[in-house]
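So the structure is just underneath, and the comments pick up after that.
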Amino acid sequence: MTSQHAAISVKGLRKSYAGKDAVAGLDLEVAKGEIFAILGPNGAGKTTTVEILEGYRKRDSGEVLVLGEDPENPHSGELHWRNRIGIVLQSVNDAGDLSVSETLHHYAHYYSHAKDPDSVIGLVGLSEKKDAKIATLSGGQRRRLDVALGIIGSPEILFLDEPTTGFDPEARRAFWELIRTLRDEGTTILLTTHYLDEAEALADRVAVINKGLVIEVASPELLGGRATASATVSWSEGGNSRSEETDSPTRFVQDLATRFKGEIPDLAISRPSLEDIYLRMIGEA
Amino acid sequence: MSILKLGALRGQLEIKEFLRQRESVVFTLAFPVILLFIFGSVFKNTIAPGVTFSQYFVAGMVASGLVNTGFQQLAIAIPMSRDLGTLKRLRGTPMSPISYFIGKAIVVTASMLFQVALLLGFGALLFGLHLPTSGILWLRFTWLILLGSACSTVLGIAFSSVPKSGRGASAVVSPIVIVLQFLSGVFFVFSDLPKWMQDIAALFPLKWLTQGMRSVFLPSDFAMKEAAHSWELGKTALILVIWLIIGTLLSIRTFKWSEE
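Chains as they are written, first to last, in the numbering used here: chain A, 1 to 285; chain B, 286 to 545.
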C-alpha cells in the first residue's frame, strides 16, 4: 500500500522502452515539506521517474501517488491536480517574442492561487530584465524564468529537473536560497541533479538511483555510511608520504604522536566526500 | 478561470506573439496580395462575359487564405513549439487543452480577417473586383469564412501530429497546400481541369471553399459555367461540416504535446 499522507509515494514502479527497463521496480517516499534530491548517472531512470510523477508519461506497472492522486488519472480531475503542482522542465526554449513580465502575468491566470507575478520576478532575480524579450535572456536568466513559471501557481510540490545547469556559482547560491525559502513556506521539493554539492547543500534526503532502482535513501551526511566510514590518516615519514585507513582515527593519531614525540609531519585526516561515496555506489570507483 | 476566458487570453497572447514575428506577418498576410498582383497583371483575359480571370482568382485566393492562415500556419507552428518545449510546459499547467485550441482559432481568425480585407481592398482597387452588394451575399460570405476557418483550424491542429520535427514541418505541409491549390481551381479555372483532377479535389475542403467564394464574388449566372452547373452551396456546407467533425475528433485524439 502506498501512503496517503506522503507528498509522493511510489511502489514497484516499472517502465521499459523497447524491452529495455528504464525503471525497474522503484520505490520512493517523499514526505510533505522536505527537499528531496534524486542523484544518478545519465540513463539511470531519473527523468523517466520524474516524468511519470509529473503525469507526462504512463507507467507499465506499480503504484504512484502524488498529493494523494494517481498522476495518470487524478480522481479530482487532471487540471485540478495540476493546479497544485509546479514543474520546471529540463529544457524549454520558447520562441521568445514575449517579455518576462508578459509571460509570467499570462501564466498567473492559469492558477487559482497564483503568486504576484512581479514579486516572483523579483524572487528569481529578474527584476532588471522584466521588460526584456525572452529571446534576449542569457541561458542562466532563461533558467530563472523557467523556475519563476514553475512557482507562479504556489505549488504544493515543485519538481525541478536539473535546475541549475548553466548557472554561475553566484546564481546557484542565490537559487539555493530561493529553494530554501520555498521549503520554509511549506513547499515540497523534488529535485534531480548532477551536482553533488547541490544535493548536499539543499536536500533533506537524497536517493541514489542507478539502472532504474533506488540504491539508497539517506540524508546527505549519512549516505553510503559516510559518517561511520573509515577515515584516512596521512602523514610524511622518512621523506615518504604514508596513509592508513582506520575506524579509530583519534587513537591512531595519538599513537603516531607518541612515536613522533610531538608534531606529525603533514598530518591530515579525511573522510570520504559525498562524491567518493556516490561514485562507489554507482560502481564508478 | 473558465476555459473560455482562458481561451480568449490565449488568443490575445498568440496575436501579440504573431505580430511580433515580423517576417511571418509579412509572409502570411502580404503573400496572397503579391500573388494576386502577379496573376492579375499577367492574366488579363475574360473567362466569361463580364468576368475577368483576376476576379476569379481573388475568390480562389480568399479561400486559399483560409487554408494558409489556418491549416498551413498551425501545422507548421505547432510542431515548432513542440520542439522548443513550449507545449510540454503548457501541458504541465492547469490550462485546459481546449483553451489552447480556442486561442489558436482566435489568432487564425484575426489574421485571416486582416488578410481577406487586404485582398478585397487590393482586388477592388486594382483589378475591378466587385464586392458583394446584397445582404444575402454578405451573409453567405460570413458563414463560408466562419465554417472555413473553423475547418482549417482543426485540420491544422490535427495535421500538426504528422511532421516529426518543427524544422521539417514546412517541407511536409507546404507542398500539400500548393498541390491542393492547383487542383481546387485557385490558379486555374476549375471547369478547365481534367475530370479526374476535379474528382480528387472534390474530396478536400479547398475546392468547395473556392467554389463558395466564387458564388459570393462572381455574377450569379456564372453558376452555369461551374462543373456542376450550380454553386452547390448545400453540398459545400455539408462537406465542410464533415471535415470539421473529422478534424475535431483527430485533434482531440492525436494531439501531441511532446515528442516522446
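Glycine residues also receive a C-beta, built at the ideal position from the N, C-alpha and C atoms. A quick note: this is a predicted structure, and the numbers were derived from the prediction, not measured.
PRO317 (chain B) is positioned such that its CB atom lies closer than 8 Å to that of LEU404 (chain B). As a beta-bridge residue in DSSP terms, ASP21 (chain A) pairs with A:SER16. Taking ASP27 (chain A) as the centre and dropping the five residues before and after it, the same chain places the C-beta of VAL10, LYS11, GLY12 and VAL214 closer than 7 Å to its C-beta, in chain order. THR337 (chain B) has B:THR331 as its beta-bridge partners, per DSSP.
TYR107, HIS109, TYR110, TYR111, SER112 and LYS133: these are the residues of the segment 107–135 of chain A whose beta carbon lies less than 9 Å from some beta carbon of chain B, given in chain order.
With respect to chain B, the C-beta atom of ILE189 (chain A) has no partner C-beta closer than 8 Å. Per DSSP, reduced to three states, the secondary structure at ALA227 (chain A) is helical. In this chain, the beta strand (DSSP E) harbouring ILE189 (chain A) covers 188–193. Beta-carbon to beta-carbon, SER396 (chain B) and THR331 (chain B) are separated by about 32 Å, too far to satisfy the 8 Å threshold. Listed along chain B are GLY377, THR378 and PRO379, each with a C-beta nearer than 8 Å to that of ARG82 (chain A).
The shortest C-alpha to C-alpha distance from GLU221 (chain A) to any of A:ILE277, A:GLU170, A:ASP116 and A:GLU177 is the one to A:ILE277. As the crow flies, the alpha-carbon of SER309 (chain B) is around 51 Å from that of HIS5 (chain A). Interface annotation for the segment 293–306 of chain B against chain A: LEU294, LEU298, LYS301, GLU302, ARG305 and GLN306, criterion Cβ-Cβ distance under 8 Å. The residue among A:THR188, A:THR181 and A:VAL208 with its C-alpha nearest the C-alpha of HIS194 (chain A) is A:VAL208. Linking ILE363 (chain B) to GLY451 (chain B) through their CA atoms gives a straight-line distance of about 8 Å. Among the CB atoms of chain A, none fall inside 8 Å of the CB of ARG452 (chain B). The beta carbon of SER236 (chain A) is closer than 6 Å to those of PRO265 and ASP266 in its chain, skipping five residues each way along the sequence. Residues of chain B whose Cβ lies closer than 9 Å to the Cβ of ASN93 (chain A) are, in chain order, ASP368, LEU369, GLY370 and THR371. Residue-level contact by beta carbon fails for ASP21 (chain A) and chain B, as no gap is shorter than 8 Å.
The beta carbon of ASP97 (chain A) sits closer than 8 Å to some beta carbon of chain B. Counting C-beta pairs with one atom in each stretch, the segment 338–358 of chain B and the segment 48–58 of chain A have fewer than three that are closer than 8 Å, which means they do not touch. Residue burial annotation: ARG82 (chain A) is buried, with at least 16 other C-beta atoms found within 10 angstroms of its C-beta. Exclusion of the five residues before and after PRO163 (chain A) leaves VAL88 as the residues of its chain whose Cβ lies within less than 6 Å of its Cβ. Look at LEU182 (chain A): its C-beta is not under 8 Å from any C-beta on chain B. Around the beta carbon of HIS105 (chain A), a 10 Å sphere encloses 16 or more other beta carbons of the protein chains shown; the residue is thus reported as buried. The way I'd put it, the segment 379–388 of chain B doesn't touch the segment 498–516 of chain B; fewer than three beta-carbon pairs between them come closer than 8 Å. Flagged as an interface residue toward chain B: LEU149 (chain A), by a C-beta distance shorter than 8 Å. CA-CA distance, ARG425 (chain B) to ASP506 (chain B), rounds to 17 Å.
For ARG538 (chain B), no Cβ of chain A is located within less than 8 Å of the residue's own Cβ. Membership of GLY296 (chain B) in any beta strand (DSSP E) is not indicated; the residue belongs instead to the alpha helix (DSSP H) covering 288–305.
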